[in-house]
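Undergrad:
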Amino acid sequence: MHVSNSPPRRTQAERRATTRAALLEAAARGLSRAGYGNLILEQVAGEAGYTRGALYHQFQGKEELALAVVEWVAATWEDEVWEPAQRESSPMAVLIALARGHIVFCRRDVARVMMALRMEFDRREHPVGRAVREVERRNIERLTALIEAGRSDGSIPPGPPLAAALLGATEGLAMVVAGKPHDEELAERVARGVLGLARP
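Numbering of the sequence shown is given in this note's numbering, commencing with residue 169 and proceeding in unit increments.
#1: Could you say which of Arg197, Pro295, Val262 and Ala216 lies nearest to Glu231 if we only look at CA atoms?
#2: Taking all protein chains shown into account, do 16 or more other C-beta atoms lie within 10 angstroms of the C-beta of Glu356, making it buried, or fewer, making it exposed?
#3: Quick check on the DSSP output: the alpha helix (DSSP H) that includes Lys230 runs from which residue to which?
#4: Inspect the beta-carbon positions of Ala342 and Ile264 and report whether they are closer than 8 Å.
#5: Apart from the five residues on each side of it in sequence, which residues of its chain come closer than 8 Å, Cβ to Cβ, to Ala196?
#6: So Gly198 is in the alpha helix (DSSP H); what residue range does that whole segment cover?
#7: To the nearest whole angstrom, what separates the beta carbons of Gly327 and Gly364, a pair I think is in contact under 8 Å?
#8: Measuring straight from C-alpha to C-alpha, what distance separates Ala194 and Ala213?
#9: Ends of the alpha helix (DSSP H) at His294?
#10: Pop quiz: Ser258 and Ser323 are said to be a contact at Cβ under 8 Å. What is the actual Cβ separation, rounded to whole angstroms?
#11: Could you check the C-alpha separation between Glu256 and Leu266 for me, to the nearest Å?
#12: Grouping DSSP H, G and I as helix and E and B as strand, with all else coil, what is Asn206?
#13: Which two residues bound the contiguous alpha helix (DSSP H) that contains Ile264?
#14: Pick out whichever of Gly347, Val262, Pro349 and Glu302 has its Cα sitting closest to the Cα of Leu334.
#15: Where does Gly318 fall in DSSP's three states?
#16: Quick one: what does DSSP say Gln226 is sitting in, helix, strand or coil?
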């Protein structure tokens with residue numbers, strides 16, 4: 169009896185998911201580098217290793233692709249940054265872990281998507297801009313809850329609202345130092361500074 173050593177053939181759904189993931193990652197890199205206005209779908213498809221037709225089989229056009237990228241990057245950030253940070257023992261430790269985790273996440277091209285799109289669609293009414301602002305709103309709400317919990321337990325000193333400042337400082341730092349030596353340590357220092365904490 170002949171036994172085949174070749175892997176089982178992938179289903180159409182599996183092939184479609186692989187294609188979609190490759191296109192999303194290539195589009196995320198393109199949006200990070202060039203922004204929405206300068207994104208060229210043929211280049212996205214080519215960088216992912218597919219034809220423009222394959223891209224249009226998955227997405228109706230640039231807007232649908234960009235919305236899917238925003239959703240994908242936000243979900244990836246949840247998995248790689250938010251969820252691991254929740255294992256920390258206190259709200260203050262969670263906030264420090266988020267800052268360090270975010271800088272690690274931003275070592276990849278795809279992480280700059282949110283910053284690039286936020287700047288491009290600032291004060292403009294557009295579905296992609298709304299999607300980015302919704303992710304930011306949710307994150308500011310969650311950071312606010314953590315800061316308030318830290319103030320309640322005494323680990324974070326009282327003061328003005330800090331969530332937007334913490335988010336902006338962490339993202340701004342990531343644009344400059346992510347992937348460079350000591351990036352995680354610098355992220356923690358910035359977070360501690362914004363939160364009014366002493367250095368460890």
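Think of the CB as a built atom: it goes at the ideal place given N, C-alpha and C, for glycine as much as any other residue. Just so we're clear, the structure is a prediction, and the values are computed from it rather than from any experiment.
TA: Taking the coordinates as given:
#1: Taking the first residue of the sequence shown as position 1, residue 231 is located at position 63. Ranking the options by Cα distance to Glu231, first place goes to Pro295.
#2: Position 188 of the sequence shown holds residue 356. Per the 10 Å Cβ criterion, buried.
#3: In the sequence shown, residue 230 corresponds to position 62, counting from 1. Lys230 to Trp245 is the extent of the alpha helix (DSSP H) around Lys230.
#4: Indexing the sequence shown from 1 puts residue 342 at position 174. Indexing the sequence shown from 1 puts residue 264 at position 96. Against a cut-off of 8 Å, the Cβ pair of Ile264 and Ala342 comes out as no contact.
#5: If you number the sequence shown from 1, residue 196 lands on position 28. Once the five neighbours on either side are set aside, the close Cβ partners of Ala196 are Val237, Trp240, Val241, Asp277, Val278 and Val281.
#6: Within the sequence shown, the letter at position 30 stands for residue 198. First-last of the alpha helix (DSSP H) with Gly198: Gln180 to Ala202.
#7: Start at 1 with the first residue of the sequence shown, and residue 327 comes out as number 159. Start at 1 with the first residue of the sequence shown, and residue 364 comes out as number 196. About 6 Å separates the two Cβ atoms, so the contact holds.
#8: Indexing the sequence shown from 1 puts residue 194 at position 26. Indexing the sequence shown from 1 puts residue 213 at position 45. Ala194 and Ala213 have their C-alpha atoms spaced approximately 8 Å apart.
#9: Counting from one through the sequence shown, the residue named residue 294 turns up at place 126. Premise fails: His294 is in no alpha helix (DSSP H) and is neither H nor E.
#10: Within the sequence shown, numbered from 1, the residue matching residue 258 stands at position 90. Within the sequence shown, numbered from 1, the residue matching residue 323 stands at position 155. Ser258 to Ser323, Cβ: 6 Å. Contact.
#11: On the sequence shown, residue 256 is found 88 positions in, with the first residue counted as 1. On the sequence shown, residue 266 is found 98 positions in, with the first residue counted as 1. Using only the alpha carbons, I get a separation of about 10 Å.
#12: Counted from its first residue, the sequence shown places residue 206 at position 38. Note: Asn206 maps to coil in three-state DSSP.
#13: If you number the sequence shown from 1, residue 264 lands on position 96. From DSSP, the alpha helix (DSSP H) with Ile264 extends over Pro259 to Phe273.
#14: On the sequence shown, residue 334 is found 166 positions in, with the first residue counted as 1. The shortest Cα separation from Leu334 among Gly347, Val262, Pro349 and Glu302 belongs to Val262.
#15: The residue given as residue 318 occupies position 150 in the sequence shown. Looking at Gly318 - three-state DSSP - the assignment turns out to be helix.
#16: By 1-based counting over the sequence shown, the position of residue 226 is 58. In the three-state reduction of the DSSP assignment, Gln226 falls in the helix class, which pools H, G and I.
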